[in-house]
Amino acid sequence: MADTFQLEIVTPEKMVVKDVAEEVQIPGKNGYLGVLPGHAPLITELAVGEITYRNGSATHHLSVAWGFAEVLPDKVTILAETCERADEIDAVRAQTAKQRAEEHLQSANTPEEVTRAENALHRAEARLHVAEGK
Amino acid sequence: MANILDIRRRIRSVTNTRQITKAMKMVSAAKLRRAQERALAARPYARMLSNVLKSLVSRAEIYDPETGEPRHPLLAQRPEKNILLIVVTGDKGLAGAFNTNILKAATRFLESQSGKNIEIEAIGRKGRDFLKRRFKAAQPRQADSTDAAATTIVGEQVGVLNKIEYPMAAELAQRIIERYGKEEIDAVYILYNEFKSVIAQRLVVEQVLPIEKVGEVSVAQAEGMTLEEKERALEAAKGAGVSLRPTDTSAMDEAAARFATAPVDYIYEQPAGDLFHSLLPKYIGIQIFHALLESVAAEHAARMTAMESATSNATDMISSLTLAMNRARQAKITNEIIEIVSGAAAL
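Residue numbers (the numbering used here), protein chains in the order written: chain W, 1 to 134; chain P, 1001 to 1347.
Here is the structure:
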């Protein structure tokens, strides 16, 4: 069996990644999934988090917010609403976004506001994490 | 006989204008190229999303097997009493008949839907200005409101077209989905200038909600370019070095078309129904996003064409003015000679 697979990450704006990978970690809605070549066909929704893929000795990190992934034995395709490479993330902006989200969380009254603030917080945290881990 | 000095002044002014229109044409051509690329870059995502939805329709029993009734609120069809129309125009003028055509089509659409409550969401400054003069702004209607049928403006987005980003479209989508869910509106249409290539454009009114058939757009009203418009656009594109055929994307499209449709049994991490529910709103967002991108490309194409004809008109004008000026100069010289000759003869 081949020891690599095709990895494609697509957002509404452009194709972010079109690469060969040996391993990829996807933030599935029900928890992180590790995918190796020859994985059984699978469809899953993504949560906010971090995609990590390895190609030889190079490891790449990307932050992702909401998406959808199709896993085939020789190919993984990820549709993401937003997806940024570690070097594209503005750490300062993410930091301020995190602070803002925390403030919103403090002042939130309705359940919707809480969920929205929490989502924003998760996004900011995921982006920071990716940005720092590069 | 016109004054030679006046004519010369006019020639100079027309030459200056021609320089400006020429520059604007080149700028529009460059922007058009970029807009075209963006529209193409957005295609794979849209294709993949609609594919997933299509394959989910059969698996998730979206339609009730017994009654055929859809189980998702966005698929539900209701009698159209309250309609939301999204009108996409440009932010700037000087684009030939681009904005006028869209607004004419909007007026026609509104006439064809008379007797219903119509709410308008205007995207682009030109459309906003025109529609605002004709219709009054309104607070969103309540579902149980019994006021007489009226046309009102509920929202406007100005200055977003310069830098279209997906979150903006997604937010708009979110808003209309919420209102559709609450039955405040029964149908959503989007009117925009569809852009396939410089010479293949249409003004279309697409039905966004309810979704009649997943993965296919239903067009409520459409009109193509006239032959004359096509010829002028062709001319402009040639002059500005814009390719007429969109870049070949068949390989990319094919790959996108295969997404989530492999003839295997997928493991669904979430129930297919849940997936469908969270994906469908994204589909609306991408549809709006796509319309905006195409409209921007079309606007630049229209401006390029308009500026091309302005440039060639200026050229024609300069040559006819030059001719007039030369005639006037010669007439003046002839006159002077006659005067001298007759003066000499009188001596």
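A virtual CB, placed ideally from N, CA and C, is assigned to each residue, including glycine. Since the structure is predicted, the reported quantities are computational estimates derived from the model, not experimental observations.
Inset, instruction - Specify whether the segment 6–15 of chain W and the segment 67–84 of chain W touch according to this definition: at least 3 beta carbon pairs, one from each stretch, less than 8 Å apart. - result: yes
Legend entry - Expected contact under 8 Å - CB spacing of Ser-63 (chain W) and Val-17 (chain W) to nearest Å: For the purposes of this step, residue 63 (chain W) is taken as residue 63 along the first sequence, with counting starting at 1. For the purposes of this step, residue 17 (chain W) is taken as residue 17 along the first sequence, with counting starting at 1. In fact, because the Cβ distance is near 13 Å, the residues do not count as touching under 8 Å.
Legend entry - Residue-level contact to chain A via CB, Ser-1295 (chain P), 8 Å cutoff: No chain A appears in the structure shown, which is made up of the protein chains W and P.
Inset, instruction - Could you list which residues in chain P have their beta carbon closer than 7 Å to that of Gly-28 (chain W), in chain order? - result: Within the first sequence, numbered from 1, the residue matching residue 28 (chain W) stands at position 28. Within chain P, the C-beta atoms nearer than 7 Å to that of Gly-28 (chain W) come from Glu-1269, in chain order.
Inset, instruction - Name, please, each residue of chain P whose Cβ falls closer than 8 Å to the Cβ of Leu-7 (chain W). - result: Residue mapping note: residue 7 (chain W) aligns to position 7 of the first sequence, counting from 1. What Leu-7 (chain W) touches in chain P: nothing, since even the nearest Cβ is about 13 Å away.
Inset, instruction - For the beta strand (DSSP E) containing Thr-1151 (chain P), list its first residue and its last residue. - result: Your numbering for residue 1151 (chain P) matches position 151 in the second sequence. Element bounds for Thr-1151 (chain P): 1151–1157.
Legend entry - DSSP three-state assignment for His-1290 (chain P), whether helix, strand or coil: Counting from 1 along the second sequence, the entry for residue 1290 (chain P) is found at position 290. His-1290 (chain P): helix per DSSP, three-state reduction.
Inset, instruction - Mind reading off the beta-carbon distance from Ala-1105 (chain P) to Leu-1203 (chain P)? Whole number of angstroms is fine, and I expect it under 8 Å. - result: The residue labelled residue 1105 (chain P) in the question sits at position 105 within the second sequence. The residue labelled residue 1203 (chain P) in the question sits at position 203 within the second sequence. With a Cβ gap of about 5 Å, Ala-1105 (chain P) and Leu-1203 (chain P) count as contacting.
Legend entry - Near-chain P residues of the segment 10–38 of chain W (beta-carbon distance less than 9 Å), N- to C-terminal order: Val-10, Thr-11, Pro-12, Glu-13, Lys-14, Met-15, Gly-28, Lys-29, Asn-30 and Leu-33
Legend entry - 4-residue-minimum alpha helix (DSSP H) runs that sit fully inside the segment 1154–1204 of chain P, ordered along the chain: 1166–1181
Inset, instruction - Tell me whether the beta-carbon of Phe-1109 (chain P) lies closer than 8 Å to the beta-carbon of Leu-1085 (chain P). - result: Against the second sequence, residue 1109 (chain P) aligns to sequence position 109. Against the second sequence, residue 1085 (chain P) aligns to sequence position 85. Yes, they are a contact pair.
Legend entry - Local conformation of His-61 (chain W) per DSSP, three classes: Along the first sequence, read from residue 1 onward, the residue named residue 61 (chain W) stands at position 61. His-61 (chain W): strand per DSSP, three-state reduction.
Legend entry - Spatial neighbours of Val-48 (chain W) in its chain, beta-carbon cut-off 6 Å, leaving aside the 5 residues before and after: Position 48 of the first sequence, counting from 1, holds the residue named residue 48 (chain W). Ala-65, His-122, Arg-123 and Ala-126.
Legend entry - Proximity to Val-76 (chain W) [Cα-Cα], best of W:Thr-115, W:Leu-128, W:Ala-40 and W:Glu-88: Counting from one through the first sequence, the residue named residue 76 (chain W) turns up at place 76. Nearest option by C-alpha distance: W:Ala-40.
Inset, instruction - Check whether the Cβ atoms of Leu-1161 (chain P) and Asp-1274 (chain P) sit closer than 8 Å, and answer yes or no. - result: Within the second sequence, residue 1161 (chain P) is the residue found at index 161, counting from 1. Within the second sequence, residue 1274 (chain P) is the residue found at index 274, counting from 1. Contact: no.
Inset, instruction - Could you spell out the range, first to last residue, of the beta strand (DSSP E) harbouring Gln-25 (chain W)? - result: Within the first sequence, residue 25 (chain W) is the residue found at index 25, counting from 1. That run of the beta strand (DSSP E) goes 23–28.
Legend entry - Proximity of Arg-1010 (chain P) and Ala-1314 (chain P) at Cβ, strictly below 8 Å: Residue mapping note: residue 1010 (chain P) aligns to position 10 of the second sequence, counting from 1. Residue mapping note: residue 1314 (chain P) aligns to position 314 of the second sequence, counting from 1. Not closer than 8 Å, so no.
Legend entry - Identity of the residues DSSP links to Val-20 (chain W) by a beta bridge: Position 20 of the first sequence holds residue 20 (chain W). Answer by DSSP bridge pairing, in chain order: W:Gln-6.
Legend entry - Meets three-Cβ-pair contact criterion under 8 Å: the segment 106–119 of chain W and the segment 1192–1199 of chain P: no
Inset, instruction - Report yes if the CB atom of Ala-1187 (chain P) is closer than 8 Å to the CB atom of Glu-1121 (chain P), and no otherwise. - result: The residue given as residue 1187 (chain P) occupies position 187 in the second sequence. The residue given as residue 1121 (chain P) occupies position 121 in the second sequence. It is not a contact, given that the beta carbons lie outside the stated cut-off.
Legend entry - Local conformation of Asn-1117 (chain P) per DSSP, three classes: Sequence index remark: in the second sequence, residue 1117 (chain P) carries index 117 (1-based). DSSP places Asn-1117 (chain P) in strand when its eight states are reduced to three.
Legend entry - Min CB distance Leu-1279 (chain P) to chain W below 8 Å: Residue 1279 (chain P) sits at position 279 when you count from the first residue of the second sequence. It does: the Cβ of Leu-1279 (chain P) has a partner Cβ on chain W nearer than 8 Å.
Legend entry - Short CB-CB distance (under 8 Å) between Pro-41 (chain W) and chain P: Within the first sequence, residue 41 (chain W) is the residue found at index 41, counting from 1. Yes - at least one Cβ of chain P is within 8 Å of the one on Pro-41 (chain W).
Legend entry - Beta-carbon proximity of Ala-1237 (chain P) to Val-1296 (chain P), cut-off 8 Å: For the purposes of this step, residue 1237 (chain P) is identified with residue 237 of the second sequence, where counting begins at 1. For the purposes of this step, residue 1296 (chain P) is identified with residue 296 of the second sequence, where counting begins at 1. No.
Inset, instruction - Output yes if chain W places a C-beta closer than 8 Å to the C-beta of Leu-1275 (chain P); else output no. - result: In the second sequence, the residue the question calls residue 1275 (chain P) occupies position 275. For Leu-1275 (chain P), at least one C-beta of chain W is nearer than 8 Å to its own C-beta.
Inset, instruction - Please name the residue or residues paired with Ile-1318 (chain P) in a DSSP beta bridge. - result: In the second sequence, the residue the question calls residue 1318 (chain P) occupies position 318. Looking at the DSSP assignment, Ile-1318 (chain P) forms no beta bridge with any residue, so it has no partner.
Inset, instruction - Would you mind working out which of P:Gln-1201, P:Met-1325, P:Ile-1176 and P:Ile-1340 sits nearest Ala-1283 (chain P), comparing C-alpha positions? - result: Walking along the second sequence from the start, residue 1283 (chain P) turns up at place 283. Per the sequence shown, residue 1283 (chain P) should be read as Tyr rather than Ala. The residue with the shortest Cα to Cα distance from Tyr-1283 (chain P) is P:Ile-1176.
Legend entry - Rounded C-alpha distance that separates Met-1048 (chain P) from Ala-1039 (chain P): In the second sequence, the residue the question calls residue 1048 (chain P) occupies position 48. In the second sequence, the residue the question calls residue 1039 (chain P) occupies position 39. Distance between the alpha carbons of Met-1048 (chain P) and Ala-1039 (chain P): 15 Å.
Inset, instruction - Using a cut-off of 8 Å between C-beta atoms, extract the partners of Thr-44 (chain W) located in chain P. - result: For the purposes of this step, residue 44 (chain W) is taken as the residue at position 44 of the first sequence. Near Thr-44 (chain W) (Cβ distances below 8 Å), the residues of chain P are Tyr-1268, Glu-1269 and Gln-1270.
Inset, instruction - In the DSSP assignment, find the unbroken alpha helix (DSSP H) run with Glu-1037 (chain P) in it and report its ends. - result: Stepping through the second sequence from its first residue, residue 1037 (chain P) is reached at position 37. Taken as a continuous stretch (DSSP letters only), the alpha helix (DSSP H) holding Glu-1037 (chain P) covers 1004–1041.
Inset, instruction - Find out if the Cβ-Cβ distance for the pair Phe-68 (chain W), Glu-45 (chain W) is shorter than 8 Å. - result: Translated into positions along the first sequence, residue 68 (chain W) becomes position 68. Translated into positions along the first sequence, residue 45 (chain W) becomes position 45. Taking 8 Å as the cut-off, the Cβ atoms of Phe-68 (chain W) and Glu-45 (chain W) count as close.
Inset, instruction - Measure the alpha-carbon distance for His-1290 (chain P) versus Ala-1042 (chain P) and round it to whole angstroms. - result: Looking up residue 1290 (chain P) in the second sequence gives position 290. Looking up residue 1042 (chain P) in the second sequence gives position 42. About 7 Å.
Inset, instruction - Please compile the residues from chain P whose C-beta is within a distance smaller than 7 Å of the C-beta of Leu-121 (chain W). - result: Translated into positions along the first sequence, residue 121 (chain W) becomes position 121. Near Leu-121 (chain W) there are no residues of chain P at all, since even the closest Cβ is about 17 Å away, more than 7 Å.
Inset, instruction - Would you give the residue range spanned by the beta strand (DSSP E) that Thr-1100 (chain P) belongs to? - result: Numbered from its first residue, the second sequence carries residue 1100 (chain P) at position 100. No beta strand (DSSP E) holds Thr-1100 (chain P); the alpha helix (DSSP H) holding it covers 1098–1112.
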